[in-house]
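Note that our numbering has the sequence shown beginning at 2, numbered continuously upward. Every residue gets a Cβ at the ideal spot worked out from N, C-alpha and C, and that includes glycine. All figures in this text were calculated on a predicted structure; none of them were measured in a lab. Comments concern the structure below.
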Amino acid sequence: MSILVTGGTGYIGSHTVIELLEYGKDVIIVDDLCNSKIGVLNAIEQITQKRAKFYEINYLEKEELRKIFEENNIEMVINLAGFKAVGESVEKPLMYYRNNVVGAITLLEVMQEFGVKKFIFSSSATVYGNPDKFPITEEFEIGHTTNPYGTSKLMVENILKDLYSSDNSWDICILRYFNPVGAHESGLIGENPNGIPNNLMPYIVKVASGELEVLNVYGNDYNTKDGTGVRDYIHVVDLAKAHIKAMEKLEKEKSGLYSYNLGTGIGYTVLDIIKNFEKVNDVKINYRITERRPGDIAICYTSPDKAFRELGWKAEKGITEMCRDSWSYIMKRKNIKKLLNERGY
Ligand code: WQD
């Protein structure tokens, strides 16, 4: 029996595939490489000494998906395929709804056809909109999302709720990620967005490495300890391990619909992250305070209690590992590039 992972060569996907392979699972990756590189497969093999089966397809291609289900014995699907840039989603809503929502529906329809009803969905803290009390728990109302990316996640959550109501033989786990950062300790995989990063940590890394000149801190007039935005950053390896716990839950339960917030329960401001990054990596981050970013909320952090109570999961890596691993991944890539240049590759 195999676990099918859509988006399995992506940032969260590759770290999750590593945990699945090390757990002893057979893994099938479906990814169209629009946001990742084929070299990730070799990195995964180098880390785990195992190879995932790989299909380079877009999960919107229903006939191709059907073939995969025909050729393989799939026990569960983890859906990590999806566009995730908030700003881009505001400019290109149709692209986001087609990929994130229609893609998920296509996948679920093929699963239904083949009687595969165990499903883990990567959702996001953005489905909570702009709550006015903290920490956020799973009992909070979801909705009032402020951008098409967040709304696409909310739409799929509502689709899953209706699907389960129509047929409660489904076994579904919704995982609401807070702010994933960091990289595998090997330095062989990590987050390395092409071009100008949207998110804070990859931007800081590019400023520290000299690739970008200055970090814009989006506003210091929020009602927080130093005026800058507060987020619940979670190490991507902790996040990946949470998927293993969710998989075990679905293997144990015959059916059900579950949702869990995945964060550390600790909120850090933007200036906290800058200071920690500088201290851990002995680098200087050049930054300036600018206007708020439209759509940003002031504070967002969770209580991780329910995931601990019901999945037996909690984050183990702190801000030091998050900053260290984010930096070592990029430094490793730069050193490899330098070595190849010196040898004329
Ligand atoms: C974090 C903080 C910014 C960049 C989004 C999605 C979420 C998830 C992560 C996918 C905020 C500040 C940022 C910069 C800055 N997406 N910032 N300068 O917006 O909390 O969450 O990305 O997994 O679902 O909603 O993350 O990293 O963009 O911002 O000052 O150049 O850093 O204002 O306070 P965000 P982020």
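* Asked: Between the segment 220 to 233 and the segment 263 to 280, do at least 3 Cβ pairs fall closer than 8 Å?
  -> Counting Cβ pairs under 8 Å, three or more are found: they touch.
* Asked: I think I58 touches V31, with their Cβ atoms under 8 Å apart; what is that distance to the nearest whole Å?
  -> For a cut-off of 8 Å, the C-beta gap from I58 to V31 is around 6 Å, short enough to register as a contact.
* One or two residues paired with C349 in a DSSP bridge -> This structure gives no information on residue 349, because the portion of the chain shown stretches from 2 to 346.
* Asked: If you compare alpha carbons, which of A184, F115, E292, E279 is closest to A44?
  -> Closest in C-alpha terms to A44, from the list A184, F115, E292, E279, comes A184.
* Cβ-heavy atom distance, D297 to ligand 1, below 8 Å -> Yes.
* To do: Give a yes or no on whether the C-beta atoms belonging to S123 and N74 are separated by under 9 Å.
  => No, Cβ-Cβ distance for S123 and N74 is not below 9 Å.
* To do: Give the straight-line distance between the Cα atoms of S170 and P149, rounded to the nearest whole angstrom.
  => Each residue's alpha carbon lies about 30 Å from the other.
* Asked: Skipping 5 residues on each side, what residues in its chain have a beta carbon closer than 6 Å to that of M117?
  -> A quick correction: the sequence has Val, not Met, at residue 117. Only I75 meet the Cβ criterion.
* To do: Using three-state DSSP, classify S37 as helix, strand or coil.
  => Reduced to three states, the DSSP call for S37 is coil.
* To do: Select from G25, E64, N193 the residue whose C-alpha is nearest the C-alpha of M2.
  => Nearest option by C-alpha distance: G25.
* To do: Mind checking who M77 pairs with in its DSSP beta bridge?
  => Residue pairing by DSSP places M77 opposite I4 in a beta bridge.
* To do: Return the CA-CA distance between S125 and E71, expressed in angstroms with no decimal places.
  => Roughly 31 Å separates the two Cα atoms.
* Distance, G8 Cα to K38 Cα -> Taking the straight line from one Cα to the other gives about 11 Å.
* To do: Could you tell me if the beta carbon of G151 falls within a distance shorter than 8 Å of some heavy atom in ligand 1?
  => Correct: G151 has its Cβ closer than 8 Å to ligand 1.
* To do: Take S327 and list the residues in its own chain whose beta-carbon comes closer than 8 Å to its own, dropping the five residues that flank it on each side.
  => The residues V182, G183, A184, G191, E192, M202, P203, I205, V206, F278, in chain order, have a CB closer than 8 Å to that of S327 in the same chain once the five nearest residues on each side in sequence are set aside.
* To do: Please say whether L263 and A316 have beta carbons closer to each other than 9 Å?
  => It is a contact, given that the beta carbons lie within the stated cut-off.
* Asked: Since D227 sits in a beta bridge, which residues does DSSP pair it with?
  -> Bridge partners of D227 according to DSSP: none are assigned.
* Asked: Just the Cα atoms here: how many angstroms apart are K246 and Y261?
  -> Using only the alpha carbons, I get a separation of about 11 Å.
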